[in-house]
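Okay, so the sequence shown: first residue is 0 according to numbering that gives the first Met the number 0, each after it adds one.
The beta-carbon is built from N, C-alpha and C at its ideal position, and this holds for glycine as well.
Each remark here refers to the structure printed beneath this line.
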Amino acid sequence: MKIDIMTLFPEMVNAVMGESMIGRAQEKGLVEIRAVNIRDYATDKHHKADDAPYGGGRGQVMLAEPLYLCHQALCAGERVHTVFLSAQGRPFDQDKARELLAREHIILVCGHYEGVDQRFIDACVDEEISIGDFVLTGGELPAMAVADAVCRMVPGVLPDEEAFTAESHWDGLLEHPQYTRPENWRGRPVPEVLLSGHHANIALWRREMSLRRTRADRPDLFARFAPRDKQDRHLLARLEQPEENGDR
């Protein structure tokens, strides 16, 4: 998996993507993430990458030419799927992360200032993605979020596939609560079922808690959820019953 991130602030990207699991995955050669400085492709001696917007208004707009030259250099004659991180984009989710994972090479474009010349978007961008209904100072944080979500699913990055398939959003539900030592923390005990050693009962409890949490915290996801088997249908029927003491 190869991800190129076009940015005005490569040091910011490298500082984050070189750490933790994603950093180790790069060291092992499982993924390749490059932060490419757009200014390196500026055509003037001052390496200018932005200018005032036509029609007036505040701030600066990123120039199309440095973006285009940078993009062309990364594509190297190939058609590479290109994503612009934008507040106007389609909401990013786990399904989109899996879709991007299927591609061998993607380019993530980080905007800054008041935006990017639309002509570059029209010429080079395949899709726009947003990580939420809020505005950030640039596209670097969203790009890193997308890269992390995609790369952690590359085989070998995590210990096994269950490390991500059991997490929130994989099958449309939020993840169940997690607990660790001590068994009783400030008067709050671990649910007894987790101490039982009965793996089938533990799996059933976790599935039910996942359903309950999704219904309570993300009713939009819950409304779209389709039960996968008879057990799910049984658990959905139980949701109308109050939680037992210790389930919280």
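Alpha helix (DSSP H) runs contained entirely in the segment 117-195, provided each spans 4 or more residues: 117-123, 139-150, 161-164
For ILE201, which residues from the same chain have a beta carbon less than 8 Å from its beta carbon, with the 5 sequence-adjacent residues on both sides left out? Walking along the sequence shown from the start, residue 201 turns up at place 202. VAL192, LEU193, SER195, listed in sequence order.
Alpha helix (DSSP H) containing PHE221: first to last residue? Taking the first residue of the sequence shown as 1, we reach residue 221 at position 222. 218-223 is the extent of the alpha helix (DSSP H) around PHE221.
Quickly, what does DSSP pair SER81 with across the bridge? List them, please. Counting from one through the sequence shown, the residue named residue 81 turns up at place 82. Checking the displayed sequence, the identity of residue 81 turns out to be Thr instead of Ser. Paired residue(s): ILE106.
Apart from the five residues just before and just after VAL149, which ones in its own chain have a Cβ nearer than 6 Å to its Cβ? To locate residue 149, count along the sequence shown from 1; it is residue 150. Cβ within range, chain order: ALA96, LEU99, LEU100.
Under the criterion of a Cβ to heavy atom distance below 6 Å, does SER209 qualify as lining the ligand PLP? Ligands in the displayed structure: none, and consequently the ligand PLP is not present.
Evaluate ASP221 with the Cβ neighbour count: other Cβ atoms within 10 Å of its Cβ, from every protein chain shown; 16 or more gives buried, anything less gives exposed. Here residue 221 refers to the residue found at position 222 of the sequence shown. The amino acid at residue 221 is misidentified as Asp; the sequence shows Phe. It is buried - the Cβ of PHE221 has at least 16 other Cβ atoms within 10 Å.
When you compare only the Cα positions, how much space is there between ARG23 and VAL145? Sequence index remark: in the sequence shown, residue 23 carries index 24 (1-based). Sequence index remark: in the sequence shown, residue 145 carries index 146 (1-based). Those two C-alpha atoms are separated by around 18 Å.
Cβ-Cβ distance between GLU18 and VAL82 below 7 Å: What you label residue 18 is simply residue 19 of the sequence shown in a count that begins at 1. What you label residue 82 is simply residue 83 of the sequence shown in a count that begins at 1. No.
Where ARG211 and LEU135 are concerned, what is the direct C-alpha to C-alpha distance, given to the nearest angstrom? The residue you call residue 211 lines up with position 212 of the sequence shown. The residue you call residue 135 lines up with position 136 of the sequence shown. Cα to Cα, ARG211 sits roughly 32 Å from LEU135.
Hey, is the segment 23-39 in contact with the segment 60-78, meaning 3+ C-beta pairs nearer than 8 Å? yes
Helix, strand or coil for GLY245? Go by DSSP, reduced to three states. For the purposes of this step, residue 245 is taken as the residue at position 246 of the sequence shown. Here the model assigns GLY245 a pLDDT of 46, short of 50, so the residue's position is not dependable, and the following value carries that caveat. Residue state, collapsed to three classes: coil.
Let me know the secondary structure DSSP gives ARG279 once reduced to three states. Because the chain spans 0 through 247 in this model, residue 279 falls outside it and cannot be assessed.
Just the Cα atoms here: how many angstroms apart are VAL12 and VAL156? Looking up residue 12 in the sequence shown gives position 13. Looking up residue 156 in the sequence shown gives position 157. Looking at the two C-alpha atoms, the distance is approximately 19 Å.
Would you identify the three-state DSSP class for ALA34, choosing helix, strand or coil? The residue you call residue 34 lines up with position 35 of the sequence shown. Strand at ALA34.
Closest to ASP39 by C-alpha separation, out of ARG217, ARG205, PRO9, would be which residue? The count along the sequence shown starts at 1 and reaches residue 39 at position 40. Out of ARG217, ARG205, PRO9, PRO9 has the C-alpha closest to the C-alpha of ASP39.
Terminal residues of the alpha helix (DSSP H) in which MET5 lies: Residue numbering aside, residue 5 sits at position 6 when the sequence shown is read from its first letter. Counting along the chain, MET5 falls outside any alpha helix (DSSP H), though it belongs to the beta strand (DSSP E) covering 1-6.
Beta-ladder partner(s) of HIS197, from DSSP: Within the sequence shown, residue 197 is the residue found at index 198, counting from 1. Bridge partners of HIS197: none, in fact.
Kindly indicate which residue of CYS109, GLN87, ASN183, GLU26 has the alpha-carbon position closest to the one of PRO65. For the purposes of this step, residue 65 is taken as residue 66 along the sequence shown, with counting starting at 1. The shortest Cα separation from PRO65 among CYS109, GLN87, ASN183, GLU26 belongs to CYS109.
Count the other CB atoms, across all protein chains shown, that sit within 10 Å of the CB of GLU182; report buried if there are 16 or more and exposed otherwise. As a working note, residue 182 is residue 183 in the sequence shown. So GLU182 counts as exposed.
What did DSSP end up calling ASP49 once you bin it into helix, strand or coil? Locating residue 49 in the sequence shown gives position 50, where the first residue counts as 1. It is a strand residue.
Taking Cβ to Cβ, would you say ALA51 is nearer than 7 Å to ILE37? What you label residue 51 is simply residue 52 of the sequence shown in a count that begins at 1. What you label residue 37 is simply residue 38 of the sequence shown in a count that begins at 1. Not closer than 7 Å, so no.
Contacts around ASP216, its chain only, beta-carbon distance under 7 Å, and the 5 residues preceding and following it disregarded: Here the question's residue 216 lines up with position 217 in the sequence shown. Hits under 7 Å: LEU173.
Would you please state the rounded distance, in angstroms, between the beta carbons of MET61 and ASP116? I believe it to be under 8 Å. On the sequence shown, position 62 is the one that residue 61 refers to. On the sequence shown, position 117 is the one that residue 116 refers to. Contact holds; Cβ gap of about 6 Å.
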